[in-house]
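Chemist:
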Amino acid sequence: MSLRDPPYEPPSVSELQEFLLADRRPTGHVNQVWPNLYIGNEVAARDKGTLHSLGITHIVNAAHGPPNPGPGPCFYVNTGPRFYRDLTVDYYGVEADDAIEFILSPFFYPTARYIRAALAMGGKSTVILLCLIRFTVSENCTI
Numbered sequence: 016m017s018l019r020d021p022p023y024e025p026p027s028v029s030e031l032q033e034f035l036l037a038d039r040r041p042t043g044h045v046n047q048v049w050p051n052l053y054i055g056n057e058v059a060a061r062d063k064g065t066l067h068s069l070g071i072t073h074i075v076n077a078a079h080g081p082p083n084p085g086p087g088p089c090f091y092v093n094t095g096p097r098f099y100r101d102l103t104v105d106y107y108g109v110e111a112d113d114a115i116e117f118i119l120s121p122f123f124y125p126t127a128r129y130i131r132a133a134l135a136m137g138g139k140s141t142v143i144l145l146c147l148i149r150f151t152v153s154e155n156c157t158i
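All residue numbers for the sequence shown refer to my numbering, where the first residue is 16 and numbers rise by one.
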């Protein structure tokens, strides 16, 4: 990815109205939060069939952990590029704990640049942000 962000073309007003007026309550393990942008939890992260059926081309794992997190509670979604090698996706891992007290701000701009570049590719690209339970890290990165 270059340092210069590609131009982003926002959805039309009618597309935004249709999207924003639709029922948007969270359901299931994965939800669309913006055109071509989804958030999901660990179940969605491991469901390659769902990722394929949604047309996911870019995966942001906002709970990408170290290779061997050690004993005790695990706040990571331990997937990675090798896990998705049988899918045609680009993988971006953010080494962040999926915990409310984790300081996420250093990851905002790099993650936003990655998402923006992916969405700028046009209707061909679809991004999913993943975290362990979908209610902390991935939503914060999306906002």
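The beta carbon of each residue, even a glycine, is placed where N, CA and C say it ideally should be.
(1) How far does the beta strand (DSSP E) with V58 in it reach, from first residue to last?
(2) Provide the residue span of the beta strand (DSSP E) that contains Y106, from first to last.
(3) Hey, quick one: how far does the alpha helix (DSSP H) through L144 stretch, first residue to last?
(4) For V104, which residues of its own chain have a beta-carbon under 8 Å away from its beta-carbon, when the five flanking residues on both sides are left out?
(5) Relative to the C-alpha of I130, which residue among W49, H44 and S29 is closest?
(6) Which of helix, strand or coil does DSSP assign to V28?
(7) If you follow the beta strand (DSSP E) that I74 is part of, which residue opens it and which one closes it?
(8) Under the rule that 16 or more other beta-carbon atoms within 10 Å means buried, what is E52, buried or exposed?
(9) Within a Cβ cutoff of 6 Å, which residues of the same chain sit near P96, ignoring the five residues on either side of it in sequence?
(10) By Cβ distance, which residues of its chain are closer than 6 Å to A9, with the 5 residues on each side in sequence left out?
(11) When DSSP builds the beta bridges, which residues end up paired with N46?
(12) Taking the CB atoms as reference points, tell me whether I115 and G55 lie closer together than 8 Å.
Modeler: Based on what the coordinates show:
(1) Looking at the DSSP string, V58 is not in any beta strand (DSSP E); the run it does join, the alpha helix (DSSP H), is E57 to R61.
(2) Element bounds for Y106: D105 to G108.
(3) Where L144 is concerned, there is no enclosing alpha helix (DSSP H), although the beta strand (DSSP E) it sits in stretches over V142 to L145.
(4) Within the same chain, and ignoring the five residues on either side of V104 in sequence, the residues whose Cβ sits closer than 8 Å to its Cβ are L66, I71, T72, H73 and I74.
(5) For I130, the closest C-alpha among the options W49, H44 and S29 is that of W49.
(6) Here V28 sits in helix by DSSP.
(7) Taken as a continuous stretch (DSSP letters only), the beta strand (DSSP E) holding I74 covers H73 to N76.
(8) First, the amino acid is wrong: residue 52 is Leu here, not Glu. So L52 counts as buried.
(9) Hits under 6 Å: Y106.
(10) Past the boundaries of the shown model lies residue 9; the chain is included only from 16 to 158, so the question cannot be answered.
(11) Its beta-bridge partners are I54.
(12) Cβ atoms of I115 and G55: not closer than 8 Å.
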